[in-house]
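Asker: The opening position of the sequence shown corresponds to residue 2 in the working numbering, with each subsequent residue numbered one higher. Beta carbons: idealized from backbone N, C-alpha and C, even for Gly. Have a look at the structure that comes next, please.
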Amino acid sequence: MRVVVALGGNALLQRGQDLNAENQRANIRKAAAELAVVHQHHKLIIAHGNGPQVGLLALMDAAYDAVDPYPLDVLGAETVGMIGYMIEQELGNIIPFDDHIVTVLTQILVDPKDPAFQKPTKPVGPIYGKAEAERLQREKGWVMAPDGKYFRKVVPSPPPLKIIEISAIRMLVESGIVVICAGGGGIPVAYDENNKLFGVEAVIDKDLASGLLARGLDADMFVMLTDVPCVYRGFGTAKQRPIRAAHPDALRPEVFPAGSMGPKVLGACQFVRETGNDSAIGQLSELAKIVDGQAGTLISNDVEGIVYGA
């Protein structure tokens, strides 16, 4: 099969971990081991998040005040190069030497007039306690939002409209190359009045961008990986229930958190409706089982309603 796998930013840098290169490489090494198993049997396309990484670069950038801060699109491009390099190296150390891997810096078109710019929802950067979050909001004017028992900075996250490099990515995939692309949800760009591209101050949701990628590549399966085993109804409450499988029409993305599981459910449902193929959401450590339908949450036209686990 042609399988698009989207790695969550928190799968590459776990919650609460120090934002250093050693931790990122260790997590990517674990991810590479799981990806290599899928690569043995399928054509693999890898997308990934960059929330913690782009937030870290923004903090570093802000510490050097001799020049104006770099915009989010440029910081996003930097993280895509960094993460792509690490994935290429760690996966390349496992799979056969002649199996080539390429990272594509991917520009994705957004509408700069989208209402999302008036309502930031996408978490970036490290987690903060309540007092620290309130101080940063007061001193820097950041928009902060809850992330579990912590808080994170949130930025605009407009929906992706078009992948600029999709034809080049398709050619690489058809040549049998493992492609790492749409990293961090892609680099957000728009056209000006002269039909020239320019960068946009935003972070596109990785799952929606990966879904657009999967549809554009006619993928047979679209898998989104995170740090929980599956989608839960009522996550974090006493009535929490695991969803093992669902028909796309039975799920309502708006009932899931906007900055995390909501976009995953939306991206999965869009993919299944438009292609008729299956999508799945689950934990990185169970990737091979998820592709085989033995773990995670399956979204499929072949499922009736919602199937809950124990």
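Report the option in R245, G50, G263 whose CA atom is closest to the CA atom of E305.
Answerer: On the sequence shown, residue 305 is found 304 positions in, with the first residue counted as 1. Closest by alpha carbon: R245.
Asker: Quick check: what's the CA-CA separation for L299 versus Q18?
Answerer: Position 298 of the sequence shown, counting from 1, holds the residue named residue 299. Position 17 of the sequence shown, counting from 1, holds the residue named residue 18. Answer to the nearest angstrom: the Cα atoms are 30 Å apart.
Asker: On the DSSP bridge assignment, give the partners of L198 in chain order.
Answerer: The count along the sequence shown starts at 1 and reaches residue 198 at position 197. Per DSSP, Y192.
Asker: If you draw a straight line from the alpha carbon of F272 to that of T107, how long is it in whole angstroms?
Answerer: Counting from one through the sequence shown, the residue named residue 272 turns up at place 271. Counting from one through the sequence shown, the residue named residue 107 turns up at place 106. C-alpha separation (whole angstroms): 20 Å.
Asker: Using only CA atoms, which one of H42, G50, I167, T80 lies nearest to A59?
Answerer: As a working note, residue 59 is residue 58 in the sequence shown. The candidate whose alpha carbon is nearest that of A59 is T80.
Asker: Which residues does DSSP pair with D148 in a beta bridge?
Answerer: For the purposes of this step, residue 148 is identified with residue 147 of the sequence shown, where counting begins at 1. Paired residues: Y151.
Asker: Do the segment 86-103 and the segment 37-45 meet, that is, are 3 or more Cβ pairs less than 8 Å apart?
Answerer: Cβ pair count under 8 Å is three or more, so yes.
Asker: From V180, L13, D228, P161, pick the residue whose C-alpha is nearest to that of H102; which is it?
Answerer: As a working note, residue 102 is residue 101 in the sequence shown. The sequence shown places Ile at residue 102, rather than the His named in the question. I102 has its Cα closest to that of V180, out of V180, L13, D228, P161.
Asker: If you compare alpha carbons, which of L162, I178, M225, N28 is closest to G283?
Answerer: Here residue 283 refers to the residue found at position 282 when the sequence shown is read from its first residue. Of L162, I178, M225, N28, the residue nearest in Cα terms is M225.
Asker: How should Q241 be labelled, buried or exposed, when 16 other C-beta atoms within 10 angstroms of its C-beta is the threshold for buried?
Answerer: Here residue 241 refers to the residue found at position 240 of the sequence shown. It is exposed - the Cβ of Q241 has fewer than 16 other Cβ atoms within 10 Å.
Asker: Go through its chain and collect everything with a Cβ distance to E287's Cβ below 6 Å, but skip five positions before and after it.
Answerer: Counting from 1 along the sequence shown, the entry for residue 287 is found at position 286. Within the same chain, E287 has close Cβ partners A296.
Asker: I believe A7 touches D208 by the beta-carbon criterion, under 8 Å. Please report the beta-carbon distance rounded to the nearest angstrom.
Answerer: Start at 1 with the first residue of the sequence shown, and residue 7 comes out as number 6. Start at 1 with the first residue of the sequence shown, and residue 208 comes out as number 207. At roughly 6 Å, the Cβ-Cβ gap stays under 8 Å, so A7 and D208 are in contact.
Asker: According to the neighbour-count rule (16 or more other Cβ atoms, all chains shown, within 10 Å of its Cβ), is A78 buried or exposed?
Answerer: By one-based count along the sequence shown, residue 78 stands at place 77. A78 comes out buried.
Asker: On a Cα-Cα basis, can you pick out the residue from T122, D303, G149, I84 that is closest to G130?
Answerer: Mapped onto the sequence shown, residue 130 falls at position 129. The shortest Cα separation from G130 among T122, D303, G149, I84 belongs to G149.
Asker: Once the 5 residues before and after D193 are set aside, which same chain residues still bring their CB inside 7 Å of it?
Answerer: Numbered from 1 along the sequence shown, position 192 holds the residue referred to as residue 193. So the list reads F199, once near-sequence residues are dropped.
Asker: What's the C-alpha gap between F118 and P159?
Answerer: Taking the first residue of the sequence shown as 1, we reach residue 118 at position 117. Taking the first residue of the sequence shown as 1, we reach residue 159 at position 158. Near 7 Å, if we compare the C-alpha coordinates of P159 and F118.
Asker: When DSSP labels each residue in this structure, what does P159 get in the three-state scheme?
Answerer: On the sequence shown, position 158 is the one that residue 159 refers to. DSSP places P159 in coil when its eight states are reduced to three.
Asker: Any idea if R1 is buried or exposed, counting beta-carbon neighbours within 10 angstroms, 16 or more meaning buried?
Answerer: Look at the range of the chain in this structure, 2 to 311, and you will see that residue 1 is not part of it.
Asker: Quick one: grab the DSSP three-state call for K290.
Answerer: The count along the sequence shown starts at 1 and reaches residue 290 at position 289. Looking at K290 - three-state DSSP - the assignment turns out to be helix.
Asker: Rounded to whole angstroms, what's the CA-CA distance from G184 to L20? Just pull it up for me.
Answerer: Mapped onto the sequence shown, residue 184 falls at position 183. Mapped onto the sequence shown, residue 20 falls at position 19. The alpha-carbon atoms of G184 and L20 are separated by roughly 18 Å.
Asker: With distances taken Cα to Cα, identify the nearest neighbour of I46 among T238, L214, E91.
Answerer: Within the sequence shown, the letter at position 45 stands for residue 46. For I46, the nearest C-alpha among the options comes from L214.
Asker: I'd like to check one pair, D293 with M222: are the Cβ atoms closer than 7 Å?
Answerer: Within the sequence shown, residue 222 is the residue found at index 221, counting from 1. Within the sequence shown, residue 293 is the residue found at index 292, counting from 1. The answer is no: Cβ separation not under 7 Å.
Asker: Enumerate, from N- to C-terminal direction, the unbroken alpha helix (DSSP H) stretches of 4 or more residues contained entirely within the segment 6-71.
Answerer: As far as the segment 6-71 is concerned, its whole alpha helix (DSSP H) runs of at least 4 residues are 10-13, 22-42, 52-64.
Asker: Within the segment 201-247, note down every full beta strand (DSSP E) run reaching 3 residues or more, in order along the chain.
Answerer: The qualifying runs are 222-227, 232-234, 242-247.
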